[in-house]
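Let me begin by presenting the structure, written as structure tokens, before commenting on it.
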């Protein structure tokens with residue numbers, strides 16, 4: 309199942325705008341042994357290599373999947389979103405487009421996902437107990 313969750317999926321906006329998206333989760337350690345847990349939603353126009361990486365890192369009051377929540381979950385302020393759901397990916401794409409975050413020339417642009425989360429999560433269900 310995990311392999312299927314990581315695959316790139318198509319998101320058809322309209323006949324002229326087809327995007328691809330995927331979700332990844334990583335754990336890394338820096339030289340001091342500090343562990344970083346992050347979940348990344350990647351969005352790119354089909355047929356291009358220009359990718360927006362929307363990165364969610366754990367922090368005070370903010371959690372990402374990695375043992376406590378289902379794969380793809382990002383949680384903050386009582387709101388919960390699953391990045392593996394096409395409707396959620398579409399809302400992030402729409403918000404990133406509205407903010408002009410999609411890369412025009414650079415191959416990869418990385419952005420903090422939490423400001424987008426705050427805008428997208430307005431209609432989200434409450435976090436599971």
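Numbering (our numbering), first residue to last: 309 to 437.
Backbone N, C-alpha and C define an ideal beta-carbon position, used for all residues, glycine too.
So, helix, strand or coil for residue 387, using DSSP?
Looking up residue 387 in the chain shown gives position 79. If DSSP states are grouped into helix, strand and coil, residue 387 belongs with the strands.
Using a 10 Å radius around the Cβ and a threshold of 16 neighbouring Cβ atoms, would you call residue 416 buried or exposed?
Locating residue 416 in the chain shown gives position 108, counting from the first residue. By the neighbour-count rule (16 or more Cβ atoms within 10 Å), residue 416 is not buried but exposed.
Can you tell me where the beta strand (DSSP E) with residue 361 in it begins and where it stops?
What you label residue 361 is simply residue 53 of the chain shown in a count that begins at 1. Residues 359–365.
Considering just the uninterrupted stretch of the beta strand (DSSP E) at residue 319, what are its terminal residues?
The residue labelled residue 319 in the question sits at position 11 within the chain shown. Here the beta strand (DSSP E) through residue 319 covers 317–322.
Please name the residue or residues paired with residue 349 in a DSSP beta bridge.
What you label residue 349 is simply residue 41 of the chain shown in a count that begins at 1. BP columns for residue 349 point to 331, 362.
How far does the alpha helix (DSSP H) with residue 415 in it extend, from its first residue to its last?
To locate residue 415, count along the chain shown from 1; it is residue 107. No alpha helix (DSSP H) holds residue 415; DSSP gives it neither H nor E.
Which first and last residues belong to the beta strand (DSSP E) in which residue 370 is found?
Against the chain shown, residue 370 aligns to sequence position 62. Segment 370–372, the beta strand (DSSP E) holding residue 370.
Determine the contact status of residue 345 and residue 378, defining contact as a CB-CB distance below 8 angstroms.
Against the chain shown, residue 345 aligns to sequence position 37. Against the chain shown, residue 378 aligns to sequence position 70. Cβ distance not < 8 angstroms, so residue 345 and residue 378 don't count as in contact.
Distance, residue 388 Cα to residue 358 Cα:
Here residue 358 refers to the residue found at position 50 of the chain shown. Here residue 388 refers to the residue found at position 80 of the chain shown. So the two alpha carbons sit approximately 28 angstroms from each other.
For the alpha helix (DSSP H) holding residue 405, just list the boundary residues, first then last.
As a first step, residue 405 is located in the chain shown; it is residue number 97 there, counting from the start. Start and end: 394–406.
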